[in-house]
Amino acid sequence: MSSARQKGKLHILEPRVYQYTYGPNQPVLRVGSGDSVTASTIDAHGFDRYGNPLTKSQKQKSETTTFQESNPLVGPIWIEEAQPGDLLQIVIKKILLDREYASSSLLPHFGSPNWRK
């Protein structure tokens, strides 16, 4: 483990707004190389650990688009030293579930990004 990683800062991310798109959204957190992030999120259907749905103010807004409200995203997170074309290493150290079950779907054109042109 590098010394930068050992000395990195810990950031706690409690999202206020969840995104439904990959894209040029404003960063919600800025971190340095070697920093760690602990993030809370919700389930793929938009419910928190208590079964409460997202409120209107917690959902990504657009004046021109109606979003498919599934798989809400936390972020984006800006990495200060990163440059276009850099290879980044992201390590997921632990995932803690807040309920006894999980679900997922994978159908044609649903369940994973379709970046083929």
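Quick note on UniProt numbering: the sequence shown kicks off at 1 and runs consecutively.
We treat Cβ as the ideally placed atom computed from N, Cα and C, and that holds for glycine.
Owing to the predicted nature of the structure, the values given are computational and were not obtained by experimental measurement.
Between which two residues does the beta strand (DSSP E) holding residue i run?
| i | result |
| --- | --- |
| Val28 | Run containing Val28: none; DSSP gives neither H nor E here. |
| His11 | Leu10 to Leu13 |
| Ile79 | Ile77 to Ile79 |
Tell me the DSSP secondary structure of residue i in three-state form.
| i | result |
| --- | --- |
| Ser36 | strand |
| Lys61 | coil |
Using the C-alpha atoms, what's the distance from residue j back to residue i?
| i | j | result |
| --- | --- | --- |
| Gln83 | Ser33 | 12 Å |
| Pro27 | Tyr18 | 12 Å |
| His45 | Arg30 | 27 Å |
| Arg49 | Ser57 | 18 Å |
| Tyr22 | Asn52 | 24 Å |
| Gln89 | Thr55 | 33 Å |
| Asp98 | Thr65 | 31 Å |
| Ser105 | Lys94 | 22 Å |
Does any C-beta atom of chain D lie closer than 7 Å to the C-beta of residue i?
| i | result |
| --- | --- |
| Gly51 | Looking for chain D here will not work: only one protein chain is present. |
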